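Chemist: The structure's right below; bear with me while I get my questions together.
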Amino acid sequence: MAFVIYGAGAIGGVLGARLHTAGFDVRLIARGAHLSAIRSGGLRVESPEGATTVPVPVYGSPAEAGVEPGDVVVLTMKSQDTPAALEALRAVAEPSTPVVCVQNGVANERLALRLFSHVYGVCVMFPAAHVQAGVVQARSAPVPGILDLGRYPGGVDDVARSVAADLAKAGFLSEPREDIMRWKYRKLVMNLGNAVTALCGTGDGDAARVVELLRAEGEAVLAAAGADVVDEETDLARRGDILRMPAFEGQAPGGGSSVQSLLRGTGSIEADYLNGEIVLLARLHGVPAPANDLVRQLAVVAARERVAPGSVPASELLARLAA
Ligand SMILES: NC(=O)C1=CN([C@@H]2O[C@H](COP(=O)(O)OP(=O)(O)OC[C@H]3O[C@@H](n4cnc5c(N)ncnc54)[C@H](OP(=O)(O)O)[C@@H]3O)[C@@H](O)[C@H]2O)C=CC1
Ligand SMILES: CC(C)(CO)C(=O)C(=O)O
């Protein structure tokens, strides 16, 4: 049995390296300069505990990596890349292959379930960065992340239990959960701020105000849609103070995964699947979501035009939302 880690950036890179170091058979799938760098020199993983270079096997596609019966495929690309990735995966993987979505948002599991019968959602509390080709960073130590998971749309089975146990051997906290999507909806509310941090940075009260508006709108839309969401207190209690992020030398600039999309100038951002999930639900249920829609659109344009993170004053967003 191998873990095929599909999209070995920040999350997939650190996860794959830790599983490999813990003795599991791991095959990474990466692309571009990152693929070439890992191929020629291994994957460098930096963290508050130091840096190591891990000689983990890497491939350019599922066809090259191979997916054998018993393997578990772990999706770790951003959501906007999931449809194309699944299309390449289905060409070589049995429809019963377990597909584990270590991704934000709530859309990936549904996309995967159309093609694969055994799909698992993971609530990803795991701060990491893809710094440059061949280099990733785990920001939290000694525990790199909390990766609770369950079968999609609900339940726990032997695969969920065994993946959770393997993640624990690799140093993560991971509980199998019957109701994983309730946790993922709560995480989605948190991630509605990702695009604001990317557009405006964090250093200002106006940015915090925009995030508050997005989250309040998101909660209202989720309620109108009848989404079952873990309450904030339960979520906070699960996280406690487990994730610790001491500063370390060579640390990449702060900010979450959407900031990193702008920093690396990838040309795309996850906003259509984070703020955009709220916009979609709002449209389906006949309620408004103007704040999430505006931020979604601005973030997508910023990524496409490769603007630097923090280029849009949050006061401008507030003014447009008030207009
Ligand atoms: N980073 C973080 O701290 C956190 C991230 N998350 C979530 O985890 C998920 C992954 O995010 P993150 O690790 O930050 O993203 P990254 O962009 O760092 O990593 C994704 C990697 O997948 C690659 N990729 C995409 N499609 C393919 C493909 N078809 N074949 C091969 N490689 C591919 C990307 O390549 P390229 O660079 O060329 O696009 C990139 O290297 C997202 O859903 C994110 O929201 C959740 C919590 C924290
Ligand atoms: C919670 C946060 C911001 C932390 O890493 C995240 O989920 C992300 O970066 O997407």
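Okay, so the sequence shown: first residue is 1 according to full-length UniProt numbering, each after it adds one. Cβ coordinates follow ideal geometry from the N, Cα and C atoms, glycine included. The model shown is predicted, which means the values in this text are computed figures rather than measured ones.
Considering Cα atoms alone, identify which of E316, V56, F116 and E249 is closest to G205.
Modeler: E316
Chemist: For L192, which three-state DSSP category applies?
Modeler: coil
Chemist: Within the same chain, show all residues whose beta-carbon is closer than 8 Å to that of V67, passing over the 5 residues directly before and after it, in chain order.
Modeler: V4, V73, L89, V92, A93, E94 and T97
Chemist: Taking the alpha-carbon positions, what's the V156 to A289 distance?
Modeler: Pairing V156 with A289, the inter-Cα distance amounts to about 34 Å.
Chemist: Just checking: is the beta-carbon of V102 within a distance shorter than 7 Å of some beta-carbon in chain B?
Modeler: No chain B is present in this structure, which holds just one protein chain.
Chemist: Which residues, in chain order, sit with a beta-carbon under 6 Å away from any heavy atom of ligand 4?
Modeler: Annotation note on ligand 4: not contained in the displayed structure, which lists ligand 1 and ligand 2 as its ligands.
Chemist: Can you name the residues that DSSP bridges to V72?
Modeler: F3
Chemist: How should K184 be labelled, buried or exposed, when 16 other C-beta atoms within 10 angstroms of its C-beta is the threshold for buried?
Modeler: With at least 16 other beta carbons inside 10 angstroms of its own, K184 counts as buried.
Chemist: Assuming contact is defined by CB atoms lying nearer than 7 Å, are A141 and E49 in contact in what I supplied?
Modeler: yes
Chemist: Which parts of the region 10-49 are runs of the beta strand (DSSP E), unbroken and 3 residues or longer, counting only runs that do not cross its ends?
Modeler: 25-29 and 43-47
Chemist: Please report the residue range of the beta strand (DSSP E) in which D206 lies.
Modeler: Careful: D206 lies outside any beta strand (DSSP E), inside the alpha helix (DSSP H) at G205 to A224.
Chemist: To the nearest angstrom, how far is it from the Cα of residue 327 to the Cα of F24?
Modeler: No information on residue 327 is available, as it lies outside the stretch 1 to 323 that the chain covers here.
Chemist: Pick helix, strand or coil for H130, following the three-state DSSP scheme.
Modeler: strand
Chemist: Name the DSSP beta bridge partners of R151, please?
Modeler: DSSP output for R151 lists Y120 as bridge partner(s).
Chemist: If we ignore side chains and look at the alpha-carbon of each, how far apart do L199 and A302 end up?
Modeler: 7 Å
Chemist: CB A165 to CB L149, shorter than 7 Å?
Modeler: no
Chemist: Would L75 pass as a contact of L115 if the rule is Cβ separation under 7 Å?
Modeler: no
Chemist: Hey, how far is the Cα of M181 from the Cα of S174?
Modeler: 15 Å
Chemist: Need the endpoints of the beta strand (DSSP E) that V100 sits in, please.
Modeler: V99 to C101
Chemist: Taking buried to mean at least 16 other C-beta atoms within 10 Å of its own C-beta, is T82 buried or exposed?
Modeler: buried
Chemist: How about the region 123-139 and the region 39-49: do they share at least three Cβ pairs that are nearer than 8 Å?
Modeler: yes
Chemist: Could you tell me whether any non-hydrogen atom of ligand 1 is closer than 6 Å to the CB of V122?
Modeler: no
Chemist: On the three-state DSSP scale, how would you describe Q80?
Modeler: helix
Chemist: For the alpha helix (DSSP H) containing V230, list its first residue and its last residue.
Modeler: First-last for V230: undefined, no H or E at that position.
Chemist: For V143 and L243, which I take to be in contact (beta-carbon distance under 8 Å), what is that distance rounded to the nearest angstrom?
Modeler: 7 Å
Chemist: Strictly by DSSP, which residues pair up with Y59?
Modeler: I29
Chemist: Our contact map puts D296 next to G276 with C-beta atoms below 8 Å; I'd like the distance itself, whole angstroms only.
Modeler: It should be noted that the sequence gives Arg, not Asp, for residue 296. Going by Cβ atoms, the distance from R296 to G276 rounds to 5 Å, so yes, they are a contact pair.
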